[in-house]
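Residue numbers (our numbering), protein chains in the order written: chain X, 30 to 296; chain H, 30 to 296. Every residue gets a Cβ at the ideal spot worked out from N, C-alpha and C, and that includes glycine. Since this is a predicted model, take the numbers as computed values, not measurements. Reviewing the structure listed below.
There are 2 protein chains.
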Amino acid sequence: MPTLSALPEFDRLRVVLVATRNPLNIGAAARAMSNFGFLHLRVVNPYEVAFREARSAVGASSVLAAAEEFPTVAEAVADCTLVVGTTAVGSRALRHQLRHLEDGARAIRKRLTSGNVAVLFGSEKRGLSNEDLSHCDWLMRIPTREQHESVNLGQAVAICLYELARSPRSTKGPTSATTRKPATAREPAGSRKPATAADLERITSIMLEALAASDSLQARSAASTREKLRRMLHRHNLTAADAEFWQGMLRQIAWKLQSSKLTPPKL
Amino acid sequence: MPTLSALPEFDRLRVVLVATRNPLNIGAAARAMSNFGFLHLRVVNPYEVAFREARSAVGASSVLAAAEEFPTVAEAVADCTLVVGTTAVGSRALRHQLRHLEDGARAIRKRLTSGNVAVLFGSEKRGLSNEDLSHCDWLMRIPTREQHESVNLGQAVAICLYELARSPRSTKGPTSATTRKPATAREPAGSRKPATAADLERITSIMLEALAASDSLQARSAASTREKLRRMLHRHNLTAADAEFWQGMLRQIAWKLQSSKLTPPKL
Chain X
30 MPTLSALPEF
40 DRLRVVLVAT
50 RNPLNIGAAA
60 RAMSNFGFLH
70 LRVVNPYEVA
80 FREARSAVGA
90 SSVLAAAEEF
100 PTVAEAVADC
110 TLVVGTTAVG
120 SRALRHQLRH
130 LEDGARAIRK
140 RLTSGNVAVL
150 FGSEKRGLSN
160 EDLSHCDWLM
170 RIPTREQHES
180 VNLGQAVAIC
190 LYELARSPRS
200 TKGPTSATTR
210 KPATAREPAG
220 SRKPATAADL
230 ERITSIMLEA
240 LAASDSLQAR
250 SAASTREKLR
260 RMLHRHNLTA
270 ADAEFWQGML
280 RQIAWKLQSS
290 KLTPPKL
Chain H
30 MPTLSALPEF
40 DRLRVVLVAT
50 RNPLNIGAAA
60 RAMSNFGFLH
70 LRVVNPYEVA
80 FREARSAVGA
90 SSVLAAAEEF
100 PTVAEAVADC
110 TLVVGTTAVG
120 SRALRHQLRH
130 LEDGARAIRK
140 RLTSGNVAVL
150 FGSEKRGLSN
160 EDLSHCDWLM
170 RIPTREQHES
180 VNLGQAVAIC
190 LYELARSPRS
200 TKGPTSATTR
210 KPATAREPAG
220 SRKPATAADL
230 ERITSIMLEA
240 LAASDSLQAR
250 SAASTREKLR
260 RMLHRHNLTA
270 ADAEFWQGML
280 RQIAWKLQSS
290 KLTPPKL
């Protein structure tokens, strides 16, 4: 009988709904989460605060009740070592690596064996903003017809979670074993505990401080520099040790710059 | 780019919604059909006749407009050579063969190469009746948790059609696995011209200068810090553009640190 047994690592997935407009879609997402055994919902700035009463969450009221609310994406993904954005856009020039859902799901399942993973879904109208995307390591797309790319939010969540739950065995399958070796072969022998999104956010902030203290950051470009830096760091695949190293170096520099600002050279 | 090209045989599929209560679900089904390139909707005895105006059919009004209405399941499936029922029930004693969605989709794709196939979805409350089921050759089920089997109708249609459209090549068996590129081989959308080792070396040097200028680099540990930094940068997979961005930021910081050193604060 084809019943799904939710794997223990499913408990490490965070479904993050960003700026969702229609609470019915939050309910629909919760229902699909419950269907497939992913029970941790995070909500960033929903348009309607009363989403917990969404009637569409048939059988999934406990998922809605336990949903966590966050004011920013940064806080919602802080404890995750992999942050994946979803997009309907197949053609726009994206600054991120874009994976087919099937490949993306495989990579997510692999990471779930060791750390938390966030999958972000944007608002019904606009999807994820550039600022939202800057928190993502890479993007994933449901393959649709070019003529009709925009998938309903509740359906998109359902399809992604179906694909994630579909065949956990396939990570161990014979085909994946032969095709995926190159990726794992790159990994060095040492500790590869990945950096969390919060680590990357700290590096970003310290770097911004250092730039500001060196008078090389204009106020109007600060936000875009922050986004650009964050996006790049997410692509760099930092380990926790890397993140610590970066933070250590940049902190010393920032501290020095700030302290020399406090006692400016007399001319 | 992961765009779906609907195969000619997709034109032979009939999505049949039986006794649907909520017209929004008919609209949602139409939208998913349009997303995945299955354009023939059939409706048997919907509770609300005005389903063609369903606002949930975003971008799929043509599917709704072309939908055919039938008074009975028999008439709705008359021209099909294979009739497949969907069910949420995994445990009830069913008088039909029950297939996992993935296996079922494979069989449907195979049949579509030669004849029409109907996939039936029952009402939100009760699913397909025994009478409806009697028209089916076999049943198909989306694998869900035993604790929460009931999938929303619009989401069920979306998942089934995603699975049907997902990988038409897989009907040809294991050879497709070898033709598929590994996940890492996929090119992201933007320019991915990699940074050169020289780029990385420049970043390393500027960083070292900045650290020295901020008095946070001891002479005896300079060499090991340089090595550690270089090794990390090589692991980060920088693009040429990334390297330029890093150099730009670090140069400004290093310059500022050095210039404040040249004119030390008088105490």
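Checklist entry - Listed in chain order, which residues of the stretch 37-64 of chain H have Cβ atoms closer than 7 Å to some Cβ of chain X? => result Ala-57, Arg-60, Ala-61, Ser-63, Asn-64
Next on the checklist: I'd like to know if Arg-264 (chain H) contacts chain X, where contact means its C-beta is closer than 9 Å to some C-beta of that chain.
Outcome noted: Residue mapping note: residue 264 (chain H) aligns to position 235 of the second sequence, counting from 1. So yes, Arg-264 (chain H) belongs to the interface.
Item to check | Closer than 9 Å at the beta carbon, the chain X residues around Gly-183 (chain H) | outcome: Reading the second sequence from its first residue, position 154 is the one you call residue 183 (chain H). Going along chain X in sequence order, the residues near Gly-183 (chain H) (Cβ under 9 Å) are Ala-57, Asn-181, Gly-183, Gln-184, Ala-187.
Checklist entry - Between Glu-82 (chain X) and Lys-257 (chain H), what straight-line distance do the alpha-carbon atoms span, to the nearest angstrom? => result The residue labelled residue 82 (chain X) in the question sits at position 53 within the first sequence. The residue labelled residue 257 (chain H) in the question sits at position 228 within the second sequence. So the alpha carbons of these two residues sit roughly 53 Å apart.
Next on the checklist: Cutting at 6 Å between CB atoms, please list the residues of its own chain near Ala-147 (chain X), excluding the five before and the five after it.
Outcome noted: By one-based count along the first sequence, residue 147 (chain X) stands at place 118. So the qualifying residues of the chain are Arg-43, Val-45, Val-106, Cys-109, Val-112.
Checklist entry - In three-state terms, what does DSSP make of His-263 (chain H)? => result Taking the second sequence and counting its residues from 1, the one referred to as residue 263 (chain H) is at position 234. DSSP places His-263 (chain H) within a helical segment (H, G or I) once states are collapsed to three.
Checklist entry - Which stretch, first to last residue, makes up the alpha helix (DSSP H) that contains Gly-144 (chain X)? => result In the first sequence, residue 144 (chain X) corresponds to position 115, counting from 1. Here Gly-144 (chain X) belongs to no alpha helix (DSSP H), and DSSP marks it neither H nor E.
Checklist entry - Alpha carbon to alpha carbon, how far is Gly-151 (chain X) from Asn-54 (chain H)? => result Looking up residue 151 (chain X) in the first sequence gives position 122. Looking up residue 54 (chain H) in the second sequence gives position 25. Those two C-alpha atoms are separated by around 22 Å.
Checklist entry - Asp-19 (chain X) touches chain H at which residues, Cβ-Cβ below 7 Å? => result The structure shown does not extend to residue 19 (chain X), since chain X spans only 30 to 296, so no value can be given for it.
Item to check | Proximity test, Cβ basis, 9 Å: His-177 (chain H) and chain X | outcome: The residue labelled residue 177 (chain H) in the question sits at position 148 within the second sequence. Yes, contact with chain X.
Checklist entry - Using a Cβ-Cβ distance under 9 Å, would Trp-167 (chain H) count as near chain X? => result Translated into positions along the second sequence, residue 167 (chain H) becomes position 138. No - not a single Cβ of chain X is within 9 Å of the one on Trp-167 (chain H).
Checklist entry - Does Arg-174 (chain X) get closer than 9 Å to chain H when you measure Cβ to Cβ? => result Mapped onto the first sequence, residue 174 (chain X) falls at position 145. Yes, Arg-174 (chain X) counts as interfacial toward chain H.
Next on the checklist: Which residue marks the beginning of the beta strand (DSSP E) containing Thr-115 (chain H), and which one marks its end?
Outcome noted: For the purposes of this step, residue 115 (chain H) is taken as the residue at position 86 of the second sequence. Thr-115 (chain H): member of the beta strand (DSSP E) spanning 111-115, first to last residue.
Next on the checklist: Going residue by residue through the stretch 47-85 of chain X, where are the continuous beta strand (DSSP E) segments of at least 3 residues, counting only ones entirely within it?
Outcome noted: 70-73
Checklist entry - Is Arg-231 (chain X) helix, strand or coil by DSSP? => result In the first sequence, residue 231 (chain X) corresponds to position 202, counting from 1. Three-state DSSP puts Arg-231 (chain X) in a helix.
Checklist entry - Helix, strand or coil for Leu-240 (chain X) per DSSP? => result As a working mapping, residue 240 (chain X) is identified with position 211 in the first sequence. Helix, per DSSP.
Item to check | CB contact below 9 Å: Phe-150 (chain H) versus chain X | outcome: What you label residue 150 (chain H) is simply residue 121 of the second sequence in a count that begins at 1. Output row for Phe-150 (chain H): interface = no.
Checklist entry - Can you name the start and end residues of the alpha helix (DSSP H) that Glu-104 (chain H) belongs to? => result Numbered from 1 along the second sequence, position 75 holds the residue referred to as residue 104 (chain H). Bounds of the alpha helix (DSSP H) holding Glu-104 (chain H) are 102-105.
Checklist entry - Does Leu-258 (chain X) have its Cβ less than 9 Å from a Cβ in chain H? => result In the first sequence, the residue the question calls residue 258 (chain X) occupies position 229. Judged by the 9 Å Cβ criterion, Leu-258 (chain X) is in contact with chain H.
Next on the checklist: Taking 9 Å as the threshold (C-beta atoms), are Leu-162 (chain H) and His-125 (chain H) in contact?
Outcome noted: Translated into the one-based positions of the second sequence, residue 125 (chain H) becomes position 96. Translated into the one-based positions of the second sequence, residue 162 (chain H) becomes position 133. In this structure, His-125 (chain H) lies near Leu-162 (chain H), with their beta-carbon atoms less than 9 Å apart.
Next on the checklist: For Leu-162 (chain X), report the span of its alpha helix (DSSP H) as first-last.
Outcome noted: Position 133 of the first sequence, counting from 1, holds the residue named residue 162 (chain X). First-last of the alpha helix (DSSP H) with Leu-162 (chain X): 159-162.
Item to check | Cβ pair Ile-171 (chain H), Asn-181 (chain X) closer than 9 Å | outcome: Working through the second sequence from its first residue, we reach residue 171 (chain H) at position 142. Working through the first sequence from its first residue, we reach residue 181 (chain X) at position 152. Annotated as distal: Ile-171 (chain H) and Asn-181 (chain X), with beta-carbon spacing of 9 Å or more.
Next on the checklist: Distance check for Ala-251 (chain X) and Pro-100 (chain X), CA to CA, integer angstroms please.
Outcome noted: Numbered from its first residue, the first sequence carries residue 100 (chain X) at position 71. Numbered from its first residue, the first sequence carries residue 251 (chain X) at position 222. Near 20 Å, if we compare the C-alpha coordinates of Ala-251 (chain X) and Pro-100 (chain X).
Checklist entry - What residue range is occupied by the uninterrupted beta strand (DSSP E) comprising Leu-36 (chain X)? => result Along the first sequence, read from residue 1 onward, the residue named residue 36 (chain X) stands at position 7. Annotation for Leu-36 (chain X): no beta strand (DSSP E) segment contains it, and DSSP assigns it neither H nor E.
Checklist entry - How is Leu-193 (chain H) classed by DSSP in three states: helix, strand or coil? => result By one-based count along the second sequence, residue 193 (chain H) stands at place 164. Residue state, collapsed to three classes: helix.
Item to check | the stretch 263-274 of chain X in contact with the stretch 224-244 of chain X per 3-pair CB rule at 8 Å | outcome: When Cβ pairs closer than 8 Å are counted between the two stretches, the stretch 263-274 of chain X is seen to touch the stretch 224-244 of chain X, the count reaching three or more.
Checklist entry - Applying a beta-carbon distance threshold of less than 8 Å, which residues of chain H neighbour Ala-96 (chain X)? => result Numbered from 1 along the first sequence, position 67 holds the residue referred to as residue 96 (chain X). Within chain H, no residue comes near Ala-96 (chain X); the closest Cβ sits about 16 Å away, beyond 8 Å.
Next on the checklist: Would Pro-75 (chain H) and Ala-48 (chain H) qualify as a contact pair, given that the criterion is a beta-carbon distance under 9 Å?
Outcome noted: Translated into the one-based positions of the second sequence, residue 75 (chain H) becomes position 46. Translated into the one-based positions of the second sequence, residue 48 (chain H) becomes position 19. Contact: yes.
Next on the checklist: Buried or exposed, going by whether 16 or more other CB atoms sit within 10 Å of the CB of Thr-254 (chain X)?
Outcome noted: Numbered from its first residue, the first sequence carries residue 254 (chain X) at position 225. Buried, since its Cβ has 16 or more Cβ neighbours within 10 Å.
Next on the checklist: In this structure, how does DSSP classify Leu-168 (chain X) when only helix, strand and coil are distinguished?
Outcome noted: In the first sequence, counting from the first residue as 1, residue 168 (chain X) sits at position 139. It is a strand residue.
Checklist entry - Exposed or buried, what is Phe-94 (chain H) when buried is set at 16 or more other beta-carbons lying within 10 Å of its beta-carbon? => result Locating residue 94 (chain H) in the second sequence gives position 65, counting from the first residue. Reading off the sequence shown, one finds Ala at residue 94 (chain H), where the question assumed Phe. With fewer than 16 Cβ atoms within 10 Å of its Cβ, Ala-94 (chain H) is classed as exposed.
Checklist entry - Mind checking if Arg-195 (chain X) is an interface residue toward chain B, Cβ cutoff 9 Å exclusive? => result No chain B is present in this structure, whose protein chains are X and H.
Next on the checklist: Less than 9 Å between the beta carbons of Lys-285 (chain X) and Leu-286 (chain H), yes or no?
Outcome noted: By one-based count along the first sequence, residue 285 (chain X) stands at place 256. By one-based count along the second sequence, residue 286 (chain H) stands at place 257. It is a contact, given that the beta carbons lie within the stated cut-off.
Next on the checklist: Which same chain residues end up closer than 6 Å to Gly-144 (chain H) when comparing Cβ atoms and leaving out the 5 residues on each side of it in sequence?
Outcome noted: On the second sequence, position 115 is the one that residue 144 (chain H) refers to. Excluding sequence positions up to five before and after Gly-144 (chain H), its CB lies within less than 6 Å of the CB of Thr-110, all in the same chain and listed in chain order.
Next on the checklist: Which residue marks the beginning of the alpha helix (DSSP H) containing Leu-127 (chain H), and which one marks its end?
Outcome noted: Your numbering for residue 127 (chain H) matches position 98 in the second sequence. No alpha helix (DSSP H) contains Leu-127 (chain H), which is instead part of the beta strand (DSSP E) from 127-129.
Next on the checklist: One question on the structure: do His-297 (chain X) and His-263 (chain X) come within less than 9 Å of each other, judged by their Cβ atoms?
Outcome noted: Here chain X comprises residues numbered 30 to 296, so residue 297 (chain X) is not present and cannot be evaluated.
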